[in-house]
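Down below is the structure, laid out as structure tokens.
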Amino acid sequence: MFAKDLYMNIIPKALDAVETRQKIYSHNIANYNTPGYKRKDVSFEEELRKALGDSDEIKLKSSNEKHIKNIPSINEVNYNIVEDNSRSAREDGNNVDIDIEMVKMMENTLQYNALTRLINYRLSDYKTVIGGIR
Amino acid sequence: MNINSFRIMDIAASGMTAERFRSEVISNNLANANTTRTENGDPYRRKVVTFKEVLNKEVNSNDEQLSGVRVSTIEEDDSPFRLVYDPSHPDANEDGYVKYPNVNVLREMVDLISAQRAYEANVAVVNSAKTMFNSALSIGRGA
């Protein structure tokens, strides 16, 4: 029932990515005092944008699963963990800024809550359809 | 959401453990700021905690899982002792100088605040993870 529903396919993936991102931020904060540690982040939105055909790249048309694709389909979108190698003013080579990390984490939590709310709305749509007029 | 989701809390807990341990060592340094004689006869030496990032190999794969932080070593600060002129002190040398520990109380206090702030940050992580899990649990409830 959900296979063709874009919402039901994207939101769980996004929840997964956002949750991993939370884990990464948690790791960054835990390593706030580790010398030489470089902060990490998750890139997901860019991949998703590509898959949704929202980027500047020209999408190769395919009518079969085996056709060459230059842009991943929704089901193949995955998040990547990237390391931020930028330098900082800190002496110990660590580039974690605790305030930035906290703000990003709060933002991420809100995003997670928004996504769960979205999926709830979608589920209640289904419930309406199934229940009909009563 | 899978069983690994709770690793967020484990990571934050590892940060809390490490920072609390650092606070303990700092408080030990402060408590011994005036200890002129230890077991080996020297004055107390300031102790420094160093942290290390933890990466665990996942079962059945080579992916490295971020697992927070842990204390890697406790080292002694090799900087010279503080010399204070006090001929009446039992530990004074022939010239009347007493070797005091190389603990700088101001510096220790600053480190203590840093450890405390980092600890609080980790607590905030636990709280936000809790909010996240609660909202994940609400999926399908109101529908």
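Keeping their order, the protein sequence lines are chains A and B.
Going by my numbering, the first residue of the first sequence is number 1, and it counts up by one from there.
Going by my numbering, the first residue of the second sequence is number 1, and it counts up by one from there.
The beta carbon of each residue, even a glycine, is placed where N, CA and C say it ideally should be.
On the DSSP bridge list, what partners appear for Leu-55 of chain B?
In the second sequence, residue 55 of chain B corresponds to position 55, counting from 1. Beta-bridge pairing links Leu-55 of chain B to B:Leu-66.
Can you pull the chain B neighbours of Ala-14 of chain A, defined as C-beta to C-beta under 7 Å?
Locating residue 14 of chain A in the first sequence gives position 14, where the first residue counts as 1. Neighbours of Ala-14 of chain A on chain B: none; closest Cβ ~12 Å, over 7 Å.
Along chain B, in chain order, which residues have C-beta atoms closer than 7 Å to that of Val-59 of chain A?
Mapped onto the first sequence, residue 59 of chain A falls at position 59. In the sequence under discussion, the amino acid at residue 59 of chain A is Lys, which differs from the Val named in the question. In chain order: nothing, as chain B lies at least about 30 Å away.
At a Cβ cut of 8 Å, what residues of the region 27-57 of chain A count as close to chain B, listed as they run along the chain?
His-27, Ile-29, Ala-30, Asn-31, Tyr-32, Asn-33, Thr-34, Pro-35, Tyr-37, Lys-40
With 8 Å set as the bound, which would you pick, yes or no: does the beta-carbon of Ile-100 of chain A sit closer than that to a beta-carbon of chain B?
As a working note, residue 100 of chain A is residue 100 in the first sequence. Chain B contact via Cβ: absent.
Find the residues of chain B that neighbour Ile-24 of chain A, judging by a C-beta separation of less than 7 Å, and give them in chain order.
Position 24 of the first sequence, counted from the start, is the residue given in the question as residue 24 of chain A. Correct list: Leu-66.
Tyr-112 of chain A versus chain B: which residues are under 7 Å apart at the beta carbon?
Against the first sequence, residue 112 of chain A aligns to sequence position 112. By Cβ distance, chain B contributes Met-132, Ser-135.
Name, please, each residue of chain A whose Cβ falls closer than 9 Å to the Cβ of Val-110 of chain B.
For the purposes of this step, residue 110 of chain B is taken as residue 110 along the second sequence, with counting starting at 1. Ordered by position in chain A, no residue passes the 9 Å Cβ test against Val-110 of chain B, which lies about 13 Å from the chain.
Between the region 48-63 of chain A and the region 71-78 of chain B, are three or more C-beta pairs nearer than 8 Å?
no
In or out: Gly-93 of chain A buried (at least 16 other Cβ within 10 Å) or exposed?
Here the question's residue 93 of chain A lines up with position 93 in the first sequence. Its Cβ having fewer than 16 others within 10 Å, Gly-93 of chain A is exposed.
Cβ separation of Ile-29 of chain A and Lys-40 of chain A, assumed to be a contact under 8 Å, to the nearest whole Å
One-based indexing of the first sequence puts residue 29 of chain A at position 29. One-based indexing of the first sequence puts residue 40 of chain A at position 40. At roughly 11 Å, the Cβ-Cβ gap does not stay under 8 Å, so Ile-29 of chain A and Lys-40 of chain A are not in contact.
Could you spell out where the alpha helix (DSSP H) holding Lys-13 of chain A opens and where it closes?
As a position in the first sequence, residue 13 of chain A is number 13, starting the count at 1. First-last of the alpha helix (DSSP H) with Lys-13 of chain A: 6-30.
Contacts of Ala-12 of chain B in chain C (Cβ-Cβ under 8 Å):
No chain C is present in this structure, whose protein chains are A and B.
Output needed for Phe-2 of chain A: all residues of its chain with C-beta closer than 8 Å, excluding positions within five of it in sequence on either side, in chain order.
Translated into the one-based positions of the first sequence, residue 2 of chain A becomes position 2. Around Phe-2 of chain A: Met-8, Asn-9.
Note down the Cα distance separating Pro-43 of chain B from Ser-135 of chain B, rounded to an integer number of angstroms.
For the purposes of this step, residue 43 of chain B is taken as residue 43 along the second sequence, with counting starting at 1. For the purposes of this step, residue 135 of chain B is taken as residue 135 along the second sequence, with counting starting at 1. Cα to Cα, Pro-43 of chain B sits roughly 55 Å from Ser-135 of chain B.
Could you round the C-beta distance between Asn-113 of chain A and Lys-38 of chain A to whole angstroms and report it? I think they count as a contact, below 8 Å.
Along the first sequence, read from residue 1 onward, the residue named residue 113 of chain A stands at position 113. Along the first sequence, read from residue 1 onward, the residue named residue 38 of chain A stands at position 38. In fact, because the Cβ distance is near 29 Å, the residues do not count as touching under 8 Å.
With DSSP as the reference, label Tyr-79 of chain A as helix, strand or coil.
As a working mapping, residue 79 of chain A is identified with position 79 in the first sequence. Coil.
Stretch-stretch touch, CB-based, cutoff 8 Å, three pairs: the region 119-128 of chain B with the region 2-19 of chain B:
yes
What does DSSP give as the partner residue(s) for Val-71 of chain B in the beta ladder?
The residue you call residue 71 of chain B lines up with position 71 of the second sequence. In DSSP, Val-71 of chain B forms a bridge with B:Phe-51.
Distance, Cα to Cα, Ser-86 of chain A vs Ile-98 of chain A?
Your numbering for residue 86 of chain A matches position 86 in the first sequence. Your numbering for residue 98 of chain A matches position 98 in the first sequence. Rounded to whole angstroms, Ser-86 of chain A to Ile-98 of chain A spans 15 Å at the Cα level.
Let me confirm a value: Pro-90 of chain B is counted as buried when at least 16 other C-beta atoms fall within 10 Å, else exposed. Which label applies?
As a first step, residue 90 of chain B must be located in the second sequence, where it is residue number 90. The residue in question, Pro-90 of chain B, is exposed, as its Cβ has fewer than 16 Cβ neighbours within 10 Å.
Strictly by DSSP, which residues pair up with Lys-99 of chain B?
The residue you call residue 99 of chain B lines up with position 99 of the second sequence. The partner list for Lys-99 of chain B (beta bridge, DSSP) reads B:Leu-83.
Kindly indicate which residue of B:Asn-40, B:Gly-41, B:Val-49 has the alpha-carbon position closest to the one of Asn-29 of chain B.
Taking the second sequence and counting its residues from 1, the one referred to as residue 29 of chain B is at position 29. Of B:Asn-40, B:Gly-41, B:Val-49, the residue nearest in Cα terms is B:Val-49.
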